[in-house]
Every structure is written in C-alpha cells, then in structure tokens.
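Take the sequence shown: its position 26, counted from the start at 1, is 25 in numbering that gives the first Met the number 0, and no numbers get skipped.
Idealized CB from N, CA, C, for every residue including glycine.
The structure presented is a predicted model; accordingly, all values stated were derived computationally and were not measured.
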Amino acid sequence: MLITRARGQASTLADQLAALGATPILIPTIELASPESFAAMDDALARLGSFDWLVFTSANAVEALAARSRELGFDPKPNRVAAIGPATAKAVVAAGFSVDLVPPKSVAESLAEALVPYAAGASFLLVRAAVARDVVPEALAAAGATVTIAEAYRTIVPQESIAELRTLFASNPPDAITFTSASTAQNLVALLDAGAFTIPAHTLLASIGPITSQAMRDLGLEPGIEAVEATIPALVDALCAALTGS
0 MLITRARGQA
10 STLADQLAAL
20 GATPILIPTI
30 ELASPESFAA
40 MDDALARLGS
50 FDWLVFTSAN
60 AVEALAARSR
70 ELGFDPKPNR
80 VAAIGPATAK
90 AVVAAGFSVD
100 LVPPKSVAES
110 LAEALVPYAA
120 GASFLLVRAA
130 VARDVVPEAL
140 AAAGATVTIA
150 EAYRTIVPQE
160 SIAELRTLFA
170 SNPPDAITFT
180 SASTAQNLVA
190 LLDAGAFTIP
200 AHTLLASIGP
210 ITSQAMRDLG
220 LEPGIEAVEA
230 TIPALVDALC
240 AALTGS
C-alpha cells in the first residue's frame, strides 16, 4: 500500500497497516516547510493571552507553534484551546496545553459549528497551514468574532518522489493508495504529471474523509473507500474491510 503522507507523519499509518499484514510503501507527496514569514506567528505568540480561543486545525500546526515558541523562548499559556479532532487534541496535550473543545466530527464544518456559540464578541487565533480552507474563520467572523490567522507552516511537493513513484508504478504497482488530506491528492497528481505516468485502474484509492474525497474527485480520482470518520484508525479499518471482504 502506498502511503502519501509526509515522512514525519507516516509511521502511525504504516505501523497499523503492517500489523494487519500489509506492506506499507512510504513515498510522500507532501513535505512540510516553514512559512514564507514568521511575522504573523511571532506577533500572535507575543500576545497569545489576549485571545479568548486558540484554534488548531491540524497536529502540524500545534507542533509548529510549539517549536516556534521554543525558538523564541516563549512559554505560551492560551486561555482556551479548540482542536479539530482527536489526533490534533493529542498533539495539543503533548505540547503542554489543555484541550477545551473537540467537535463531534474531525472536519472544519463540525469545528466551526461547535465554536460558533462562543463567537459573538470573542477573539480567536487560528493557527494553520499557509493554504487552507476558510470554513472556520468565515463562520466565526459571520457570528461576530474577531479572527486572527497565523500561518504555521506550508506544504510543498517533494520532487525526489517522482523517481520513486516511477520505479514503483513500473515494477510493482500498489494495491492501494491512501490519501489523508486534499494536499496528498493534489500533489500526487502533480507528481504523476511531472513523471508522465498514471495510476493503474485496479489500484484502490482510499480516502480519510469527505473533504479529501471531494478533492480527489475534483482531480479525476474516484475514492474506492472512505473512512467513516476522518482518523487514521478509521482509515485502516476501512482498508482492512475492503481488502479482506470483512
């Protein structure tokens, strides 16, 4: 099974798939990089206590904020923290913060709905990737909140993956490819185009959730399966059921 996550994030999914007897193949289609500028992040960290809510939409954002805080010698003490899902909440706790809100579903729409009751007159700091959906900030602003966005990281396409993918598809195409974000799908297509090769028709395309599935369809990739919730364990369960018929 081809895992397209960034190398630093792929081990959990790879380990769970290997435990089920699968052979994980790690070729990332995304790589994490620092933002073009830390100005917004540094300013937000300097006045973190002035925000009513600190909102994270990925574990990557949590880890980036924690790393930048260490670099600057800050000891951030947010008032209340919201995390988009259990993996992000786990990262928040690991960073030394408490988690005050996790929505029922690990998608931006559910996070926005959970935060809107607290929005009127409140200030929110949203720490996220340089390119991201605006569902949460738009919903909060419409509900009367003041929203500040700080870019914590950006994703780039690892060009060295082209040769690895070309070799893989030419010699032993994967039975399945996992997609854990819209970026993994978008970047895989970019790498396929750059390498002038295609995904075999028999390869199962596995999506972590509806947002990723829609991004895949927009790119002409039809998900063969979609996890019942946007988590790695749910994706593994869906793959297991699809490949074993259980």
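Taken through DSSP and simplified to helix, strand or coil, T22 comes out as coil. Cβ contact annotation for L53 (same chain, cutoff 6 Å, sequence separation greater than five): P77, V80, L124, in chain order.
By the Cβ criterion, the stretch 104-118 is not in contact with the stretch 32-50, since fewer than three pairs of Cβ atoms, one from each stretch, lie closer than 8 Å. Three or more pairs of CB atoms, one per stretch, sit closer than 8 Å, so the stretch 193-203 contacts the stretch 162-178. The beta carbons of A86 and V98 sit no closer together than 7 Å. Ranked by how close their Cα comes to the Cα of A162, the residues L16, A21, P27 have P27 in first place. Contact between the stretch 39-55 and the stretch 112-123 is present: three or more C-beta pairs spanning the two stretches fall below 8 Å. For F168, the enclosing alpha helix (DSSP H) stretches over residues 160-170. Rounded to whole angstroms, the separation of the alpha carbons of A94 and A65 is 6 Å. Apart from sequence neighbours up to five positions away, the residues of its chain that approach A5 with a beta-carbon distance below 7 Å are P27, I29, E30, L31, ordered along the chain. In the three-state DSSP reduction, I224 falls in the strand class (E or B). Shortest Cα-Cα distance from A128 to any of G20, A60, A90, L187 involves A60.
For I210, there is no enclosing beta strand (DSSP E); the residue is part of the alpha helix (DSSP H) that begins and ends at 209-217. For S109, the uninterrupted alpha helix (DSSP H) run begins and ends at 107-114, by DSSP. Within the same chain, S105 come within 6 Å of G84 by CB-CB distance, once the 5 residues on both sides are set aside.
DSSP, read as helix, strand or coil, puts I198 in coil. Under DSSP, the beta-bridge partners assigned to T154 are L31. By the beta-carbon neighbour count (other beta carbons within 10 angstroms, threshold 16), L19 is exposed. Closest option to N171, judged by alpha-carbon separation, among I224, I198, T154: I198. In the structure shown, I231 adopts helical secondary structure according to DSSP, grouped into three states. Secondary structure at T147: strand, using DSSP grouped into helix, strand and coil.
In chain order, L19 place their CB closer than 6 Å to the CB of C239, counting only its own chain and leaving out the 5 sequence neighbours on each side. Leaving aside the five residues that flank A142 on each side, the residues in its chain whose CB is nearer than 7 Å to its CB run, in chain order, V115, A118, A119. By a beta-carbon distance limit of 8 Å, L12 contacts I2. Their separation comes to about 6 Å. Rounded to whole angstroms, the separation of the alpha carbons of A195 and D236 is 32 Å. As DSSP reads the structure, T177 sits in a beta bridge with I2, A205.
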